[in-house]
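What follows is a set of notes on a single structure, which appears directly below.
In the numbering used here, the protein residues as written are 50 to 236.
Structure representation (structure tokens):
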């Protein structure tokens with residue numbers, strides 16, 4: 050049986066913060082097994098690991114709330130995209146793809162499911178017969194208006210451990226990272 054790792058003390062923490070997380074244990078294992086690895090490289094690996102782990106845990110929390118409304122993440126995103134563009138809550142399928150956080154391969158399947166649920170309707174664009182327009186139905190508008198309130202409350206709950214200053218610093222740092230990686234628009 051493997052010996053339990055004792056992670057090193059995180060730097061810069063305060064007395065009320067957790068002493069270590071799962072990523073600290075992984076980092077300690079790498080330091081033990083590969084002491085030749087650059088510490089800055091291990092720090093980068095730990096940071097990326099924390100971003101990925103946070104995404105997994107946040108996604109799990111969001112999926113729970115979306116399920117209460119009979120939705121999957123991508124379905125919520127399609128409905129939210131149509132809602133936030135304003136009345137008449139309609140976009141072309143191509144426009145939806147550019148502003149929603151879903152892939153092109155997933156969009157048709159999501160639209161099919163949402164249409165079967167009566168939450169959206171599709172019709173041919175009268176100005177361009179090749180284009181399909183997607184619009185929220187009244188039921189879709191009602192559902193997304195309720196779901197987004199629960200979603201925001203859930204996100205606030207999941208971020209409750211962070212102070213307003215922590216949130217602002219994290220938001221700024223993640224924005225800077227995303228821009229540096231070329232992510233300046235959806236789609």
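We put the beta carbon where it would ideally sit given N, CA and C, even for glycine.
Remember, predicted model here, so these are calculated numbers, not experimental data.
The continuous stretches of beta strand (DSSP E) do not include residue 228, which lies in the alpha helix (DSSP H) extending over residues 213-229.
If you look at residue 197, you'll find it in the alpha helix (DSSP H) that goes 187-207. With a 10 Å radius around the Cβ and a threshold of 16 neighbouring Cβ atoms, residue 73 comes out buried. Within its own chain, the residues whose Cβ lies closer than 6 Å to the Cβ of residue 199, once the five positions on either side in sequence are excluded, are 114, listed in chain order.
By the C-beta criterion, the region 135-146 is judged to be in contact with the region 167-187, since at least 3 inter-stretch pairs fall below 8 Å. Within the region 91-171, the runs of alpha helix (DSSP H) at least 4 residues long that lie entirely inside it are, in chain order, 122-133, 142-148 and 153-165.
Counting the other CB atoms within 10 Å of its CB gives residue 124 a total of 16 or more, which places it among the buried residues. Rounded to the nearest whole angstrom, the C-alpha separation of residue 132 and residue 163 is 14 Å.
Counting only the Cα atoms, residue 78 lies some 27 Å from residue 223. If you look at residue 69, you'll find it isn't in any alpha helix (DSSP H); DSSP assigns it neither H nor E. Relative to the Cα of residue 166, the nearest Cα in the group 192, 142 and 208 belongs to 192. Secondary structure at residue 178: strand, using DSSP grouped into helix, strand and coil. Per the DSSP secondary-structure output, residue 173 pairs in a beta bridge with 181. Inter-segment contact for the region 152-161 and the region 79-96 is absent: fewer than three beta-carbon pairs are separated by less than 8 Å. At a Cβ-Cβ threshold of 7 Å, residue 188 and residue 219 do not count as neighbours. Around the beta carbon of residue 120, 16 or more other beta carbons sit within 10 angstroms, so the residue counts as buried. Straight through space, the alpha carbons of residue 145 and residue 227 are spaced by roughly 21 Å.
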